[in-house]
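Positions 0 to 205 (numbering that gives the first Met the number 0) are the ones given, in order, by the sequence shown.
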Amino acid sequence: MNTIQEVYTNFVTNFNLNISNVSDSSVLYDRLNTTEYSYTNSMHESICEKSFINIFLLWEYFLEQSFVLYLCGSADLKGNTYKRYVLPTDREHAYKLIKGTKKYPDWTNLEEVNTLAELYFENSGTFNLLRNKPIEFIEMKTVRNKISHMSTQSDEQYKRLLTKRITQNQNVSVTQFLLHLVDGQRTYFSYYTDFILSYVEIICNK
0 MNTIQEVYTN FVTNFNLNIS NVSDSSVLYD RLNTTEYSYT NSMHESICEK
50 SFINIFLLWE YFLEQSFVLY LCGSADLKGN TYKRYVLPTD REHAYKLIKG
100 TKKYPDWTNL EEVNTLAELY FENSGTFNLL RNKPIEFIEM KTVRNKISHM
150 STQSDEQYKR LLTKRITQNQ NVSVTQFLLH LVDGQRTYFS YYTDFILSYV
200 EIICNK
């Protein structure tokens, strides 16, 4: 991908695919779980969890690709460029600047992302909206860790999130939480994924 438009299109295409997967899985589960050809709860939860992980990974990949492109002087969707403090020779050089002496940058760590943005762009460039460290990204990382890690720490963090969000923390699976209604209309799955999409659109200046 060589332009912000390509990065944005890739994100939206795969984002919509995963949103559809969860929607279709919910319809199947509601319709078929009482028939002899049962679409089990385990199947449903596997698809929901995988789709959430996929979207979170898409967000990480989007951050990396857009950061590299902006650092190389690429324009956003409206043709604007952002003042840089470094002039990398190519994308590979830009990536080396970003990761420094580490094996790779941690795009789930907003402190690190903000530090990189402040170092390399005037006023953090188009990433300045991340300065307020939205709690939603921290919560999404907690959910991601619960899905992908089997550890006491991930369990405890997840339980604290459940207590905060739905006031109960016992025997609530990740899918049950994600499909729990936030405001009587949207699920947490929609709430979090819409939040990611809104930040992608702002960073691309859609």
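All C-beta atoms in this analysis are idealised placements derived from N, C-alpha and C, irrespective of residue type, glycine included.
Anticipated Cβ contact below 8 Å, residue i with residue j, distance rounded
i, j, result
"Thr141", "Ile54", "Not really, about 15 Å apart at Cβ, beyond 8 Å."
"Cys203", "Tyr7", "5 Å"
"Pro87", "Leu76", "Not confirmed; about 22 Å, so no contact."
"Leu218", "Thr186", "The chain is shown from 0 up to 205; residue 218 falls before or after that span and cannot be answered."
"Ala168", "Lys158", "Here the sequence assigns Asn to residue 168, which means Ala is not the residue at that position. About 4 Å; that satisfies the 8 Å criterion."
"Tyr190", "Thr125", "The pair is not a contact, with the Cβ atoms about 24 Å apart (cut-off 8 Å)."
Three-way DSSP call (helix, strand, coil) for residue i in this model
i, result
"Thr218", "This structure does not reach residue 218, given that the chain is present from 0 up to 205, and the question cannot be answered."
"Thr174", "helix"
"Leu180", "strand"
"Arg83", "strand"
"Thr12", "helix"
"Thr215", "In the structure as shown, the chain starts at 0 and stops at 205, and residue 215 therefore has no counterpart that could be examined."
"Thr192", "helix"
"Thr100", "coil"
"Thr186", "strand"
"His148", "coil"
"Thr162", "helix"
"Lys207", "Here the chain comprises residues numbered 0 to 205, so residue 207 is not present and cannot be evaluated."
"Ser24", "helix"
"Trp106", "coil"
"Leu57", "helix"
"Thr125", "helix"
Buried or exposed by the 16-neighbour rule on C-beta atoms within 10 Å, applied to residue i
i, result
"His43", "buried"
"Gln184", "exposed"
"Gln152", "exposed"
"Leu16", "exposed"
"Ser65", "buried"
"Ile3", "buried"
"Ser123", "buried"
"Glu138", "buried"
"Ser45", "exposed"
"Ser50", "buried"
"Ser150", "exposed"
"Leu180", "exposed"
"Ser24", "buried"
Pair within 8 Å by beta-carbon distance, residue i and residue j
i, j, result
"Leu70", "Tyr119", "yes"
"Arg130", "Asn144", "no"
"Leu57", "Asn13", "yes"
"Cys47", "Val26", "no"
"Ile134", "Val173", "no"
"Leu128", "Tyr198", "yes"
"Lys132", "Leu160", "no"
Counterpart residues of residue i in DSSP-defined beta bridges
i, result
"Phe120", "Arg83"
"Thr114", "DSSP output for Thr114 lists no bridge partner at all."
Short CB-CB distance (under 8 Å) between residue i and chain B
i, result
"Ile202", "Protein chains in the displayed structure number just one, and chain B is not present."
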